[in-house]
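The opening position of the sequence shown corresponds to residue 59 in the working numbering, with each subsequent residue numbered one higher. All C-beta atoms, glycine included, are put in the ideal place defined by N, C-alpha and C. Taking it in order: structure first as C-alpha cells, then the write-up.
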Amino acid sequence: MSAEREPIGVIGVGWVGLVTAACFAELGHRVVARDIVAEKVEALSRGETTIHEPGLGELVRRNAERLTFTTEMDELLDVARILFVCVDTPPTRSGDADLSRVRSVIEELREDGDHVLAMKSTVPAGTGEAIRRDMPQLAYVSCPEFLKEGSAVEDFMQPDRVVIGADPGDESAGDAVAAIYEPLGGEIVRTDVASAEMIKLASNAFLATKISFVNEIANVCEEVGADVGEVARGMGLDQRIGPSFLRAGIGYGGSCFPKDVSALKMLAGNTGYHFQLLNAVIEVNELQKRRVVQKLRGHLGSLAGRRVVLLGLAFKPQTDDMREASSLVLAARLQGEGAEVVAYDPVATEVARDQLPGVEFYDSAMGALDGADAAVLVTEWPEFAELDWVAAVGRMARPLIVDGRNFLDPETLRAAGFEYEGIGRAGQGAPSTAAAD
Ligand code: UGA
C-alpha cells in the first residue's frame, strides 16, 4: 500500500483533530474522523466547520469524498490501522494535564490488536510508556502537533519539523507515521517516545518564556524611556535569539501555552524537581494582563462609571477561541473597578457572550466606541488598523486608547487626537505609580 493511500483514523475532532483530518485527506488519504459529540459530527458531515480557522472549511468541503465523520469507534477501527489521537488534555485543578479523555480512547481500543496509536494530544512525558505497558499489543508513536490557531492549515502543510517518537519494538510503526508526513517536506525528527513528549512541552514553554521575557523588558522600557519594538528588533537580528515571539503585549492566552507551561511545571514538580523559571513565566503573564487597568487609572483616575471598550476578545486574531483570553481577566478587573465594559470582536462575540457576564456587545468597532471614556485594543484584528480613527475621536467621550498589542501606529493615533499608550513603547512616560493596580 502506498503511503499516500494509507487510510487514517483521527480520534477527537477539535482544533488539532479537524485540521489533521482535513490535511491528511488533502494529501490523498481516506480519513475517518471520530468524535463523541453527535452534533459536531452531524454539522461536519453536512460540510459545516465547527471552528473559525482560515482555509479549513474549504479543505473539508473539497475533500468530502475522502473525509468522513462518525461517532462510532468501530467504523474507524475497521478502516484504518494508524489512529491519530487528538483529544484534548485540559488542565486539572492541580494544574496537571487531564488525561481522562486519552484514557477513555484507550479503553475503547482495549480488545483491538493491530493498530498504531499516534498520539497528537499533548501529554506529559511518561504517558506513552504507561500506555504501552497497559496495552502491549498496540504499537505506540508520539507525534506531537506544533500548529498555531489562525494559521493551522498552513502550519500543518508546511511544518518547520515533524517529531516522531517510537520506542524499541515500534520502529516500523514510527516509519509508517513518518511516511505519511514525508510529502510535506519538513525535517522529520525521530526520537524515543519520552523525548518526543518533552519536545512538545519544552517548545511551548520556551515560546511562553520568550513572551514573558519580552513583556518584562517592555515594562522596564517604560521606566527608562526605551521602546520595546526597537529593543526586540535589535535583539531578534541576533541569529541565536531570532525575531519571533518577541512581541510585547498584554500576555499570552489560548488553549496551549497556559496549560502546557503549567503541565510542565507540575510534571517536573511531581518528580521532585522545582522548575523555578516557569513560575516566573506564569506570574509575569498574569500580571501583564492587569497592567492595562493601571494604565487606564493613570489617565482617568477612578474607573468607576467609566465606559471602557474592549476592541477584540479572542486570545489572538483569526480565531474565535476565547480560552484563557486576556480579555476575560481584563473585563473582570475593569468591572471590579466599577467600569462599564463594552466590547466588539469581528468573530468571537458568540463564543464570548456567555463568558463575559455584564459586558455589552456591539457589532461594529465604531458602535462600541460611541460615548466611551477609553478603548483597549486586546486582539490585533487587521480591521482595527483600518478603522477611521479620526471619526472615532468624534464619537468617544474621551479619546484615550491603550494598545495592548502595540498594533496601531502611535503617530497616526496621536495626530487624530488620541491620548495613545502602548506596552513599552517610547514617548508615553512612565505609568503612574500612585495609581498602582
Ligand atoms: C501555540 C504554539 O505556537 C504552537 O506551536 C502549538 O502547536 C500550539 O500552541 C499548541 O500547543 O497546540 P497557539 O496557542 O495557537 O499556538 O497560538 P500562538 O500564535 O502561539 O499564540 C499564543 C499566545 O501568545 C497568543 O495569546 C498571542 O497573542 C501571544 N503572543 C504570541 C504574544 O503575546 N507575543 C508573541 O510574540 C507571540
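- For Tyr420, no alpha helix (DSSP H) encloses it, and the DSSP letter there is neither H nor E.
- Across the structure, Leu386 and Lys374 are spaced so that their CA atoms are roughly 13 angstroms apart.
- Burial is judged here by how many other beta carbons sit within 10 angstroms of a residue's own beta carbon; Phe264 has fewer than 16 and is exposed.
- Short of 8 angstroms from the beta carbon of Ile299, and not among the five residues preceding or following it, lie these beta carbons of its own chain, in chain order: Met293.
- Here Asn337 is exposed. Its C-beta has fewer than 16 other C-beta atoms within 10 Å.
- Segment contact: the segment 107 to 119 against the segment 177 to 184, fewer than three CB-CB distances shorter than 8 angstroms; contact not assigned.
- Only exposed fits Val278, as fewer than 16 other CB atoms lie within 10 angstroms of its CB.
- Beta-bridge annotation (DSSP): Asp228 is not paired with any residue.
- Contact annotation, Arg88 with Pro65: C-beta distance approximately 4 angstroms; criterion of less than 8 angstroms satisfied.
- Using a cutoff of 7 angstroms, the CB of Asn337 does not count as near ligand 1, since none of the ligand's heavy atoms is closer than that.
- Counting only the Cα atoms, Ile459 lies some 12 angstroms from Arg365.
- For Met215, no beta strand (DSSP E) segment is defined; the enclosing uninterrupted segment is the alpha helix (DSSP H) at 210 to 215.
- The three-state reading of DSSP puts Leu392 in helix, counting H, G and I together.
- Excluding the 5 residues flanking it on each side, Arg391 has same chain C-beta neighbours closer than 7 angstroms at Arg348, Val351, in chain order.
- Cβ contact annotation for Val235 (same chain, cutoff 6 angstroms, sequence separation greater than five): Ala176, Val199, Cys201, Ile222, in chain order.
- DSSP places Glu106 in no alpha helix (DSSP H); its state is neither H nor E.
- Here the C-alpha atom of Pro457 lies approximately 42 angstroms from the C-alpha atom of Ala321.
- Comparing alpha-carbon positions, the option among Gly244, Arg63, Leu157 lying closest to Val145 turns out to be Leu157.
- Note that the C-beta distance between Leu435 and Arg463 is below 8 angstroms.
- Distance from the Cα of Met380 is smallest, within the candidate group Leu369, Lys353, Gln413, for Gln413.
- In the same chain as Asp250, and ignoring 5 residues on each side of it, the C-beta atoms closer than 6 angstroms to its own belong to Gly223, Asp225, in chain order.
- The alpha-carbon separation between Val405 and Asp378 amounts to approximately 6 angstroms.
- At least one heavy atom of ligand 1 is found less than 7 angstroms from the C-beta of Glu207.
- The beta carbon of Leu259 lies closer than 6 angstroms to those of Asp318, Leu322 in the same chain, with the five residues before and after it left out.
- For Glu133, the uninterrupted alpha helix (DSSP H) run begins and ends at 131 to 137, by DSSP.
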